[in-house]
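Asks: Under the working numbering, the residue at position 163 of the sequence shown is numbered 153, and the numbers go up by one with no gaps.
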Amino acid sequence: MTSTQILEDAALALLFTSARSHNGWTGEPVSDAQLQRIYTLASLGPTSANCSPARFVFVRTPEGKQRLAPALSKGNLDKTMSAPVTVIAAWDRRFYDKLPTLFPHTDARSWFTGSPETAHETAFRNASLQAGYLLLAARAVGLDAGPMSGFDKAKVDAAFFEGTDWTANFLINLGHGDASKVFGRLPRLPFDEACLLA
């Protein structure tokens, strides 16, 4: 693709203009092959020094959902339990241990081992970016998404990440959305209120 090629309106609608955050789901399943494809697409998005700190748990079994349920706020419980998949978008506090593989042409690991603050900021920023890529990848392959906060992070970490360096960021429900349960689109800030030209 060259810089002069742009997406058609139908693709822009799929990703942005007609895409919505979903709160209800049809019974149509999501396959493991679809989840692998979504991750593969999302993994291609850029991160600083290719650090790729995001980690994803695809919660798709009744047992997994029961582990997740106690951490959910009341308003998020039903829509999460009925979603075919709930993604725990997380990040690895020790992401830099993978840098010898991911960024092999220099000792990038040393950039982070001496500064916990730099490591935290880099991991959180880039993992959030990667989770955004994942959401768009899901839409690109025909799934609907419902990203959300509204959960107890400590409970999610205890239920899924005990003894690891992973920690939760936010959740994304995935599946085929029930259009009857979509809320009206809320306002967005106009360019002049949200942007500066410098």
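Glycine included, each C-beta is placed from N, C-alpha and C at the ideal position.
Grouping DSSP H, G and I as helix and E and B as strand, with all else coil, what is N163?
Replies: DSSP places N163 in strand when its eight states are reduced to three.
Asks: Give me, in chain order, the residues of the same chain whose beta-carbon lies closer than 8 Å to that of V75; leave out the 5 immediate sequence neighbours on both sides.
Replies: V20, L25, F48, V49, R50, N163, L164 and G165
Asks: Alpha carbons only, please: which of C41, A169 and Q120 is nearest the one belonging to N13?
Replies: Nearest neighbour of N13 by Cα position, chosen from C41, A169 and Q120, turns out to be A169.
Asks: Please classify I28 as buried or exposed, where buried requires at least 16 other C-beta atoms within 10 Å of its C-beta.
Replies: buried
Asks: Taking T30 as part of the alpha helix (DSSP H), name the residues at either end of that continuous run.
Replies: D22 to S33
Asks: Three or more beta-carbon pairs under 8 Å between the stretch 96 to 105 and the stretch 57 to 70, yes or no?
Replies: no
Asks: Starting from W101, follow the alpha helix (DSSP H) in both directions and report where the run begins and ends.
Replies: S100 to T103
Asks: Going by DSSP, what residues sit across from D134 in a beta bridge?
Replies: G165
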